[in-house]
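Heads up, the thing below is written out as structure tokens.
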Amino acid sequence: MDKLIAAKSEPLWNTNNKVISVIVGLVILLFALPLVGLNSFYLHLFIMIFMHAVMAQSWNVIAGFSGQISLGHGAFFGIGAYATSFFYMEYGITPWISIFFGMFVSGIFAVLIGIPMLRLSGHYFAIATLLIGISFQVVFQRWDLVGAASGLWVTMTPEDSWTALQFHSSKVPYYYIFLVFFLVSFFAVWVLSRSKLGYRLRAVRDDPQAALSLCINVSNYKIIAYVISAMIMAPMGSLFAQYILIIDPDRVFNIEISIIVLLITVLGGIGNVWGPIIGASILIPISEYSRIYLGGTGGAVDLILYGLILMIICVFRPNGLISFIPKDILERKKQR
Amino acid sequence: MKILSVENLSRSFGGIKANDDISFNVDQGSILGIIGPNGAGKSTLFDLITGYTKADRGKVEFFEKNIFGLSPDKISNLGVGRTFQKLKPFADQTLLENVMIGAFVKEQNIKKARDKALEIIDFVDLIEKRHHFAKELSTGQRKRLEMARAMAIEPKLLLMDEVTGGVDQKTIPGLVELIKKLKKTGVTIITIEHNINIIMEISDNVLALDQGKSIAFGPPKEIQKNKEVIDSYLGTFDAA
């Protein structure tokens, strides 16, 4: 009985004050960085890290938490990008509103795709999502209403505009917008991982048969995870479209988007909220620096490096780089 | 009062009749033991009752509600818990997390679910192992984990598939005591067992299966004397 009372008196989460202090310090540092005069390249680098960390976090929800390997997640990025650009150009609707429209449409598509696809499992689901992702690219390449293969050139405002979400004189506003989305998505997924839904998704991932015996409708929970994942991905497409102001199917529906979010998550640590952040912080700088030093798209050296890193990780650290950090520090797990 | 009524439940796989016209009733608060040689259809019967396998025909009533054809999650939601012959713990999660997933069925609040899970873990005598990953536990401990996880959904009927199977002799008495302790909580139990001494000790009624057919049903003392059961399963037990 004493042991039970002692167990009940334990805190719900293993909160380590030192870790919290480090996190708060890092967040303050991230907000302060532009004030100390980051140049345009470094602003861009951080923006790309934030964006890819969120995209990978999105993929982490469906693959890491519910165990469904999606290879077509770029579709939701593209939907978000087109939703914002199209409605701004055609109807003058501010991207701040159409971001939510993109999320909504992505969520709807996730349900429509998820209902038949999530009956598949393992490799079959992965292959099916790969084809779905490619089919979006093909459809948009031929859809005249949204510019077909040429895509959409977002009408530029003469000056910086928060309403139009366009900033021509500095990347700093973009930096803060992406940073806020990055922090919000991280916090949302962190809360999700510790919620009833998070527990149930992990049950579905670990053993669907056992999950069924605990009143968990496995199909429904997979769809819920897919929808949440899609709705996290879409805003990054929207913001990216506003960042570069020109989108086309080959850019925003590219299969590479789906693959890179997978690489980032696996590198950092799949199924862990910190994984995508660590993965993006390493892979994106490799990509950007190889692009600078080798020109163009990086001469595919970045892809070779990705492949090498992935092989090393898969062989020596299958749980990702996060596994180098003792579990007691970051997670709620054991207090033996 | 009847908690479960099974009538003419049948299921074939190709030409093999895994369950052939099985009928029996289970009284509330009792323990029904199911015995039979390997391949008799015991685990298939569990899968048919809990919806994991669709029956070809028959009827299954739980508290007089027809549950035939319902999905496993809906059946468990009505209050039918189960464990598995081939253990299915959520291996990469701790014992506490495993049981909390079951506790969330009745408790929405995370602290209440945690506390309820801890009480159940204490009930199965694993409180010191609560933060261990399921994959780190021994087979006997995993059996207790599965029982605890199933209990967390507050079942009225609990189906346990070979609780003492695959564990060493020292571990068995503890598991048997746990089943008895579980019965005292009021939950009705159906258990598949190969250890005939255990089944005779704990059961109120015994169902004997052979080659998919029900060959006997009744109190343990009657089953022990049943010639067909002796011929097909008990063998030397009775002679001893």
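Protein sequence lines, in the order shown, are assigned to chains A and D.
If you want the numbering used here, it's the 1-based position in the first sequence plus 10.
Mapping of the second sequence onto the numbering used here: position 14 corresponds to residue -4, and the numbering continues sequentially without gaps.
Where is the CB? At the ideal position from N, CA and C, for every residue including glycine.
Burial state of residue i (16 or more Cβ within 10 Å)
| i | result |
| --- | --- |
| A16 (chain A) | exposed |
| Q345 (chain A) | Legend: pLDDT at Q345 (chain A) = 46, less than 50; position of this residue unreliable, value from coordinates given subsequently. By the 10 Å Cβ count, Q345 (chain A) comes out exposed. |
| P21 (chain A) | exposed |
| N26 (chain A) | exposed |
| V271 (chain A) | buried |
| H83 (chain A) | buried |
| N187 (chain D) | buried |
| G(-3) (chain D) | exposed |
| A158 (chain A) | exposed |
| K70 (chain D) | buried |
| E79 (chain D) | buried |
| A42 (chain A) | exposed |
| R126 (chain D) | buried |
| G117 (chain A) | buried |
| Y236 (chain A) | buried |
| G18 (chain D) | buried |
| F191 (chain A) | buried |
| D154 (chain A) | exposed |
Contacts around residue i, its chain only, beta-carbon distance under 6 angstroms, and the 5 residues preceding and following it disregarded
| i | result |
| --- | --- |
| V214 (chain A) | S76, A221, V228 and Y231 |
| G194 (chain D) | K(-1), A0, N1, D2 and G23 |
| I257 (chain A) | A91, S95, G161, L162 and A251 |
| N70 (chain A) | T275 and P286 |
| A221 (chain D) | Confidence at A221 (chain D) is low in this model, with a pLDDT of 42, below 50, so the placement of that residue should be treated as unreliable; the coordinate-derived value is given next. Hits under 6 angstroms: none found. |
| M58 (chain A) | I294 |
| F219 (chain D) | With a pLDDT of 49 at F219 (chain D), under the threshold of 50, the modelled position of that residue is not reliable, and the figure given next carries that caveat. Only I178 meet the Cβ criterion. |
| I242 (chain A) | S68 and S195 |
| Q147 (chain A) | P259 and F263 |
| F105 (chain D) | none |
| I323 (chain A) | L277 |
| V149 (chain D) | T121 and G122 |
| Q67 (chain D) | S25, D143 and E144 |
| V158 (chain D) | I180 |
| S(-8) (chain D) | N1, D2, D3, D38, R39 and G40 |
| L141 (chain D) | F28, R64 and I172 |
| S53 (chain D) | G33 |
| S214 (chain D) | D192 |
Chain D residues whose Cβ lies nearer than 9 angstroms to that of residue i
| i | result |
| --- | --- |
| R212 (chain A) | F72, D74, Q75, E79 and I83 |
| K13 (chain A) | D104, I109 and E110 |
| L224 (chain A) | D55, S58, G63, I83, G84, F86, V87, R131, A132, A134 and I135 |
| Q219 (chain A) | Y34, P54, F66 and K70 |
Whole-Å CB distance - residue i paired with residue j, under 8 angstroms assumed
| i | j | result |
| --- | --- | --- |
| P202 (chain D) | V169 (chain D) | Actually they are not in contact, since the Cβ atoms of P202 (chain D) and V169 (chain D) sit about 20 angstroms apart, beyond 8 angstroms. |
| G161 (chain A) | P245 (chain A) | So it is not a contact: roughly 19 angstroms between Cβ atoms. |
| I226 (chain A) | D55 (chain D) | 6 angstroms |
| T32 (chain D) | V62 (chain D) | 6 angstroms |
| A95 (chain D) | M82 (chain D) | 5 angstroms |
| I224 (chain D) | G15 (chain D) | This structure cannot settle anything about residue 224 (chain D), because the visible part of chain D is limited to -17 through 222. |
| I265 (chain A) | G143 (chain A) | 6 angstroms |
| A76 (chain D) | D143 (chain D) | The sequence shown places Thr at residue 76 (chain D), not Ala. At roughly 24 angstroms, the Cβ-Cβ gap does not stay under 8 angstroms, so T76 (chain D) and D143 (chain D) are not in contact. |
| D278 (chain A) | G289 (chain A) | For the sequence presented, residue 278 (chain A) should be read as Gly rather than Asp. 3 angstroms between Cβ atoms; contact. |
| I125 (chain A) | I233 (chain A) | 7 angstroms |
Under 8 angstroms by beta carbon: chain D residues contacting residue i
| i | result |
| --- | --- |
| I335 (chain A) | The contacting residues do not exist; I335 (chain A) stays about 17 angstroms from chain D at best. |
Within chain A, the residues that residue i reaches when beta carbons sit closer than 9 angstroms
| i | result |
| --- | --- |
| Q90 (chain D) | K206 |
| S120 (chain D) | Those within 9 angstroms of S120 (chain D) in chain A number zero; the least Cβ separation is about 16 angstroms. |
Partner residues on chain D for residue i, Cβ-Cβ distance less than 7 angstroms
| i | result |
| --- | --- |
| Y209 (chain A) | E79, M82, I83 and F86 |
| N227 (chain A) | D55 |
| D216 (chain A) | F72, A73, D74 and Q75 |
| A17 (chain A) | L100, I109 and R112 |
Contact list for residue i against chain A, beta-carbon separation under 7 angstroms
| i | result |
| --- | --- |
| R224 (chain D) | Only positions -17 to 222 of chain D appear in the structure, and residue 224 (chain D) is not among them; the question remains open. |
Same chain only: Cβ atoms within 7 angstroms of residue i, ignoring 5 sequence neighbours per side
| i | result |
| --- | --- |
| D12 (chain A) | none |
| K268 (chain A) | One point to set straight first is that residue 268 (chain A) is Ser, not Lys, in the sequence displayed. For S268 (chain A), where only same-chain residues beyond five positions count, the Cβ hits under 7 angstroms are L81, G82, H83, G84 and G143. |
| F45 (chain D) | I(-15) |
| A85 (chain D) | A95, K98, A99 and A134 |
| F177 (chain A) | D170, P183 and Y184 |
Beta-carbon contacts of residue i that lie in its chain and below 8 angstroms, excluding the five residues immediately before and after
| i | result |
| --- | --- |
| S19 (chain A) | none |
| I314 (chain A) | none |
| Y98 (chain A) | T104, P105, S108, V164, T165 and A174 |
Proximal residues of chain A, C-beta to C-beta of residue i below 8 angstroms
| i | result |
| --- | --- |
| K93 (chain D) | L22 |
Legend entry - Cβ contact check for the stretch 102 to 109 of chain D and the stretch 141 to 154 of chain D: 3 or more pairs under 8 angstroms: The stretch 141 to 154 of chain D and the stretch 102 to 109 of chain D do not touch, with fewer than three beta-carbon pairs separated by less than 8 angstroms.
Legend entry - Touch test, the stretch 109 to 121 of chain A against the stretch 317 to 331 of chain A, Cβ-Cβ under 8 angstroms, three pairs minimum: Segments in contact, no.
Inset, instruction - Determine contact between the stretch 43 to 60 of chain A and the stretch 196 to 210 of chain A, defined as no fewer than three beta-carbon pairs at a distance below 8 angstroms. - result: Output reads no: the stretch 196 to 210 of chain A does not touch the stretch 43 to 60 of chain A.
Inset, instruction - Decide yes or no for the touch test of the stretch 38 to 45 of chain D against the stretch -15 to -7 of chain D: beta carbon pairs closer than 8 angstroms, at least 3 of them. - result: Result yes; three or more Cβ-Cβ pairs closer than 8 angstroms.
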